[in-house]
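A.B. asks: Chains A and B supply the protein sequences, listed in that same order.
With the numbering used here as the guide, the letters of the first sequence map in order to residues 910 to 1025.
With the numbering used here as the guide, the letters of the second sequence map in order to residues 170 to 282.
Shown below is the structure under consideration.
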Amino acid sequence: AQTVTQSQPEMSVQEAETVTLSCTYDTSENNYYLFWYKQPPSRQMILVIRQEAYKQQNATENRFSVNFQKAAKSFSLKISDSQLGDTAMYFCAFMKLVGNTDKLIFGTGTRLQVFP
Amino acid sequence: EADIYQTPRYLVIGTGKKITLECSQTMGHDKMYWYQQDPGMELHLIHYSYGVNSTEKGDLSSESTVSRIRTEHFPLTLESARPSHTSQYLCASSEWGVTGELFFGEGSRLTVL
């Protein structure tokens, strides 16, 4: 069975600084997707960034980028130029490419607080 | 903001009551999901649906039931609520095809006394 581990329950960063959130996963699959989802306080969870396991190039979305190390089964999220609106719970998630269902396996989350 | 809505947002009820958590989406998505999220814990999939008249149980066993009579509507029902059902329930939907991009509602936080 696949598992996703986020070892940092809470992180904090000052506005405009850079922060990295860690995620490791365990799987015997070769083809899969990895995701970072953001859940702001009392608001809807949204997708931040997605990485296909077959792609060697790390995914980037504006200020958000990942460091995908397939052999090490590591998938960290880097947030550059942190903004107050980045304050949220961040969930790392795994999905294997089987069937037609987007069945995601989530980690326990990292609560990120951005300070002015 | 995604066009997926959950009601009620907060519910406090007594043990033994029947409750229905509503979920509706206006995006025409075929696939819909219910996740259970306890504080400080990961989300667990409890039900999903590929489309009308299709429902499947997720990875986490749940005493709740779901129905999918219309594409846009995916309600979750607990026939007899217990304190162990206290949790946050998140509804989500996704387009046909496998992308992993789920669109989530704001959640229904249930407290059973």
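Just so it is clear, CB atoms sit at the ideal spot from N, CA and C, and this is done for glycine as well.
(1) How would you call VAL181 of chain B, buried or exposed, if buried means at least 16 neighbouring beta carbons within 10 angstroms?
(2) Tell me the DSSP secondary structure of LEU1021 of chain A in three-state form.
(3) Please check the pair GLN917 of chain A and THR1019 of chain A, which I expect to be a contact at CB under 8 Å, by giving their CB distance rounded to whole angstroms.
(4) For the stretch 173-225 of chain B, which segments carrying the beta strand (DSSP E) assignment without a break, of at least 3 residues, lie completely within its bounds, in sequence order?
(5) Taking Cβ to Cβ, would you say GLU924 of chain A is nearer than 8 Å to GLN1022 of chain A?
(6) Assign SER236 of chain B to one of three DSSP states: helix, strand, or coil.
(7) Within 10 Å of its beta-carbon, does LYS187 of chain B have 16 or more other beta-carbons around it, so buried, or fewer, so exposed?
(8) Taking only beta carbons into account, state which residues of the stretch 948-959 of chain A come closer than 9 Å to chain B, listed in chain order.
(9) What are the boundary residues of the beta strand (DSSP E) that THR280 of chain B is part of?
(10) Near LYS947 of chain A, what residues of its chain come up, given a Cβ to Cβ distance below 6 Å and the 5 sequence neighbours on each side ignored?
(11) Counting only the same chain and skipping the five closest in sequence on each side, list residues whose C-beta sits under 6 Å from that of LYS1005 of chain A.
(12) Alpha carbon to alpha carbon, how far is LYS964 of chain A from THR195 of chain B? Give it in angstroms, no decimals.
C.D. replies: In short, the structure shows the following:
(1) Position 12 of the second sequence, counted from the start, is the residue given in the question as residue 181 of chain B. Exposed, because fewer than 16 other Cβ atoms sit within 10 Å of the Cβ of VAL181 of chain B.
(2) For the purposes of this step, residue 1021 of chain A is identified with residue 112 of the first sequence, where counting begins at 1. The three-state secondary structure of LEU1021 of chain A, taken from DSSP, is strand.
(3) Here residue 917 of chain A refers to the residue found at position 8 of the first sequence. Here residue 1019 of chain A refers to the residue found at position 110 of the first sequence. Contact holds; Cβ gap of about 5 Å.
(4) Here the runs fully enclosed are 173-176, 179-182, 188-194, 200-206 and 212-218.
(5) Counting from 1 along the first sequence, the entry for residue 924 of chain A is found at position 15. Counting from 1 along the first sequence, the entry for residue 1022 of chain A is found at position 113. For GLU924 of chain A and GLN1022 of chain A, no; Cβs fall outside 8 Å.
(6) Residue numbering aside, residue 236 of chain B sits at position 67 when the second sequence is read from its first letter. SER236 of chain B: coil per DSSP, three-state reduction.
(7) Counting from one through the second sequence, the residue named residue 187 of chain B turns up at place 18. Answer is exposed; the Cβ neighbour count stays below 16.
(8) Identification of residues in the stretch 948-959 of chain A having a C-beta nearer than 9 Å to some C-beta of chain B yields GLN948, SER951, ARG952, GLN953, MET954, ILE955, LEU956 and ARG959, given in sequence order.
(9) Stepping through the second sequence from its first residue, residue 280 of chain B is reached at position 111. Counting along the chain, the beta strand (DSSP E) containing THR280 of chain B begins and ends at 277-281.
(10) In the first sequence, residue 947 of chain A corresponds to position 38, counting from 1. ILE955, VAL957, ALA997 and TYR999, listed in sequence order.
(11) On the first sequence, residue 1005 of chain A is found 96 positions in, with the first residue counted as 1. Shown here for LYS1005 of chain A: same chain residues with a beta carbon closer than 6 Å to its own, the five before and five after excluded, namely GLU938 and TYR941 in chain order.
(12) In the second sequence, counting from the first residue as 1, residue 195 of chain B sits at position 26. In the first sequence, counting from the first residue as 1, residue 964 of chain A sits at position 55. Whole-angstrom Cα-Cα distance: 33 Å.
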